[in-house]
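There are 2 protein chains.
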Amino acid sequence: MTEFNDFFKSAFTVDNAIFGFDEGDLKILLIKRGEAPYKGKWALPGYFVYPSEELDSAAKRVLEELTGLRNVFLEQVETFGTVNRHPFGRVITVAYFSLIKISDYNLQPASIAQKAQWHSISKVNDLAFDHLEILNACFQRLKWLVRTRPVGFELLPPQFTLTALQHLYEAILETDLDKRNFRKKILSMNLLIDLEQTQEGVAHRPARLYEFDRNKYHQFCDEGLNFELKESKKKEAKRAAAHRKKMLQAAV
Amino acid sequence: MTEFNDFFKSAFTVDNAIFGFDEGDLKILLIKRGEAPYKGKWALPGYFVYPSEELDSAAKRVLEELTGLRNVFLEQVETFGTVNRHPFGRVITVAYFSLIKISDYNLQPASIAQKAQWHSISKVNDLAFDHLEILNACFQRLKWLVRTRPVGFELLPPQFTLTALQHLYEAILETDLDKRNFRKKILSMNLLIDLEQTQEGVAHRPARLYEFDRNKYHQFCDEGLNFELKESKKKEAKRAAAHRKKMLQAAV
DNA sequence: CTAAAGGTGTGTCGTTTTTACACTATATCC
DNA sequence: GGATATAGTGTAAAAACGACACACCTTTAG
Numbered sequence: 000m001t002e003f004n005d006f007f008k009s010a011f012t013v014d015n016a017i018f019g020f021d022e023g024d025l026k027i028l029l030i031k032r033g034e035a036p037y038k039g040k041w042a043l044p045g046y047f048v049y050p051s052e053e054l055d056s057a058a059k060r061v062l063e064e065l066t067g068l069r070n071v072f073l074e075q076v077e078t079f080g081t082v083n084r085h086p087f088g089r090v091i092t093v094a095y096f097s098l099i100k101i102s103d104y105n106l107q108p109a110s111i112a113q114k115a116q117w118h119s120i121s122k123v124n125d126l127a128f129d130h131l132e133i134l135n136a137c138f139q140r141l142k143w144l145v146r147t148r149p150v151g152f153e154l155l156p157p158q159f160t161l162t163a164l165q166h167l168y169e170a171i172l173e174t175d176l177d178k179r180n181f182r183k184k185i186l187s188m189n190l191l192i193d194l195e196q197t198q199e200g201v202a203h204r205p206a207r208l209y210e211f212d213r214n215k216y217h218q219f220c221d222e223g224l225n226f227e228l229k230e231s232k233k234k235e236a237k238r239a240a241a242h243r244k245k246m247l248q249a250a251v
Numbered sequence: 000m001t002e003f004n005d006f007f008k009s010a011f012t013v014d015n016a017i018f019g020f021d022e023g024d025l026k027i028l029l030i031k032r033g034e035a036p037y038k039g040k041w042a043l044p045g046y047f048v049y050p051s052e053e054l055d056s057a058a059k060r061v062l063e064e065l066t067g068l069r070n071v072f073l074e075q076v077e078t079f080g081t082v083n084r085h086p087f088g089r090v091i092t093v094a095y096f097s098l099i100k101i102s103d104y105n106l107q108p109a110s111i112a113q114k115a116q117w118h119s120i121s122k123v124n125d126l127a128f129d130h131l132e133i134l135n136a137c138f139q140r141l142k143w144l145v146r147t148r149p150v151g152f153e154l155l156p157p158q159f160t161l162t163a164l165q166h167l168y169e170a171i172l173e174t175d176l177d178k179r180n181f182r183k184k185i186l187s188m189n190l191l192i193d194l195e196q197t198q199e200g201v202a203h204r205p206a207r208l209y210e211f212d213r214n215k216y217h218q219f220c221d222e223g224l225n226f227e228l229k230e231s232k233k234k235e236a237k238r239a240a241a242h243r244k245k246m247l248q249a250a251v
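Protein chains in written order, with numbering that gives the first Met the number 0: chain A, 0 to 251; chain B, 0 to 251.
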């Protein structure tokens, strides 16, 4: 085992791309670094993983220390380990991304959080370490995820209008969507509860409010993860028939 | 910096799920461990990442040492870091998966490779470390990838029949597919070159041979990675019009 | 030389999904 | 009560999907 000692000189961190949505704009929570390396630069919130800490727990810890939030969407994305990415030594980082409702978010009083700030994702162009690359990977993942699972709800307040939801999708996908087709599709998923209430205090016709139906979402996940390319019914039937035939012959 | 010393006591490895396809069966290349820990158990090929080695390079190295192959499909999947997953200390592992043509594969003479063997993926049920979990994650990734990008070709010999391709898809997706619909779909992608040759030495009507068109594949990737949920053409036109108008006004 | 075996290769039609597209409704503000 | 601002709605054409059956070649065995 001594032959392996040289390998046990590395460290690893988690970095968390925390996405939020506000005023039609997709945002990312960044921290201004107060210490070397990269002092004064904006960075993704992250920290070393403690020796007896799970990776997921570390990501949760970073998120909670900063935002006070638990039980939010959090998923591993990719691991970055370029040899010289960290000046202290060999440090590989496991990137996570999370989706939070900015309305729930309250800056924690901890000193580390005092330098935290939301940034429009489109305006971020320089970050500490390789965090710009990491952010891009996380953003790509979000783009993919939003087409695959109805995660948009994680970013909106509990009650929202269809227009708000559409704007969110447009911000993530960086495209425009057709209003009628969007509504048709979203409503056909049956994941929304019509609250039969409307907005108040807007200077125009108020929109209906909807809520996300978590129960149906879980059904959706359980059934729907085998999407696309359906099984051939005919072959299935044939196979069953062949099987029955064999059984019959065996019986004779 | 001394405050961080405790973090620099970890190691990391890469583990590689190497998939192959043979005789209608999806296979995985495993190594029988000759040393502790888990001596005698089958495991995914992997090794520690050297201090000045990139993660991707380490995965390539592991693959090449074992199979002699370079330039094959290789992609990072997920990182596993449960605290006690390795008896030597804190070791997190970055899982990769690769797709190779078994026909190209020749066992390297290196001692490490002498215990390597292909296993039907459906029969693997016990592996060293957390490798079963890792294998499952990689298999899921392969399932997803095969629906998304035409990676099936990576696993077949350069020339293949449509039936062979279909069997490959069926093995990966663990389902049956309709022959006519499958052919329609695959051929409509225009990624296959009809070699205008047929099989030889088979005891039935020989099938046509096809080749994968790498040029078209690259086009496909460049254009096609923005699949689904198309942009509204109308709004796009509107935006362009608004932009032109602004430019005009600015010019005046 | 004929027949059986065994896999190859092909077309159509009904259904569902997707896309394009424009006007009326309802609230506030002045 | 009219201007403004957003909400909300339907349809038709095109494309994609899914189900489904039989004739065609080639080899091999009798």
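The beta-carbon is built from N, C-alpha and C at its ideal position, and this holds for glycine as well.
Proximal residues of chain A, C-beta to C-beta of residue i below 9 Å
{"i": "residue 194 of chain B", "result": "The premise fails here: residue 194 of chain B is roughly 26 Å from chain A at the closest Cβ pair, so nothing lies under 9 Å."}
{"i": "residue 91 of chain B", "result": "11, 48, 54, 78, 91 and 93"}
{"i": "residue 75 of chain B", "result": "77 and 78"}
DSSP bridge partner residues for residue i (one or two, in chain order)
{"i": "residue 69 of chain B", "result": "None, per the DSSP bridge assignment."}
{"i": "residue 87 of chain A", "result": "In the DSSP output, where bridge partners are listed per residue, residue 87 of chain A has none listed."}
{"i": "residue 14 of chain A", "result": "A:45 and A:94"}
{"i": "residue 115 of chain A", "result": "A:30"}
{"i": "residue 158 of chain B", "result": "B:210"}
{"i": "residue 197 of chain A", "result": "A:207"}
{"i": "residue 19 of chain A", "result": "A:26"}
{"i": "residue 186 of chain A", "result": "Beta-bridge pairing links residue 186 of chain A to no other residue."}
{"i": "residue 53 of chain B", "result": "BP columns for residue 53 of chain B are empty, so no partner."}
{"i": "residue 9 of chain B", "result": "A:9"}
{"i": "residue 79 of chain B", "result": "B:92"}
Contact test: residue i Cβ vs the ligand HEM heavy atom, cutoff 7 Å
{"i": "residue 15 of chain A", "result": "For the ligand HEM, the structure offers nothing, since it holds no ligand at all."}
Check whether residue i and residue j have beta carbons under 8 Å apart
{"i": "residue 120 of chain A", "j": "residue 40 of chain A", "result": "no"}
{"i": "residue 96 of chain A", "j": "residue 140 of chain A", "result": "yes"}
{"i": "residue 115 of chain A", "j": "residue 28 of chain A", "result": "yes"}
{"i": "residue 80 of chain B", "j": "residue 53 of chain A", "result": "yes"}
{"i": "residue 59 of chain B", "j": "residue 43 of chain B", "result": "no"}
{"i": "residue 137 of chain B", "j": "residue 170 of chain B", "result": "no"}
{"i": "residue 191 of chain A", "j": "residue 209 of chain A", "result": "yes"}
{"i": "residue 154 of chain A", "j": "residue 167 of chain A", "result": "yes"}
{"i": "residue 123 of chain B", "j": "residue 98 of chain B", "result": "no"}
{"i": "residue 145 of chain A", "j": "residue 164 of chain A", "result": "no"}
{"i": "residue 78 of chain A", "j": "residue 75 of chain B", "result": "yes"}
{"i": "residue 188 of chain A", "j": "residue 149 of chain A", "result": "yes"}
{"i": "residue 24 of chain A", "j": "residue 130 of chain A", "result": "no"}
{"i": "residue 9 of chain B", "j": "residue 35 of chain A", "result": "no"}
{"i": "residue 128 of chain B", "j": "residue 85 of chain B", "result": "yes"}
{"i": "residue 160 of chain B", "j": "residue 196 of chain B", "result": "no"}
Neighbouring residues, chain A, relative to residue i (Cβ below 8 Å)
{"i": "residue 21 of chain B", "result": "Near residue 21 of chain B there are no residues of chain A at all, since even the closest Cβ is about 22 Å away, more than 8 Å."}
Contacts that residue i makes with chain A (C-beta to C-beta distance below 7 Å)
{"i": "residue 51 of chain B", "result": "82"}
Cutoff 8 Å; reference residue i; Cβ partners in own chain excluding five residues on either side
{"i": "residue 6 of chain B", "result": "none"}
{"i": "residue 49 of chain B", "result": "57"}
{"i": "residue 68 of chain B", "result": "62, 99, 103 and 104"}
{"i": "residue 212 of chain B", "result": "189, 190, 191 and 192"}
{"i": "residue 232 of chain B", "result": "Caution applies to residue 232 of chain B, whose pLDDT of 38 falls short of 50 and renders its modelled position unreliable; the value that the coordinates give is listed next. Excluding sequence neighbours, residue 232 of chain B sits near nothing in its chain."}
Neighbour list for residue i in chain B, Cβ cutoff strictly below 8 Å
{"i": "residue 88 of chain A", "result": "7"}
Interface partners of residue i on chain B, CB under 9 Å
{"i": "residue 3 of chain A", "result": "10, 47, 87 and 88"}
Residues near residue i by beta carbon distance below 7 Å, same chain, minus five either side
{"i": "residue 12 of chain B", "result": "45, 46, 47, 48, 90 and 92"}
{"i": "residue 193 of chain A", "result": "207 and 209"}
{"i": "residue 175 of chain A", "result": "169"}
{"i": "residue 38 of chain B", "result": "32"}
(message) What are the residues in the region 113 to 144 of chain B lying within 9 Å of chain A by C-beta distance?
(response) none
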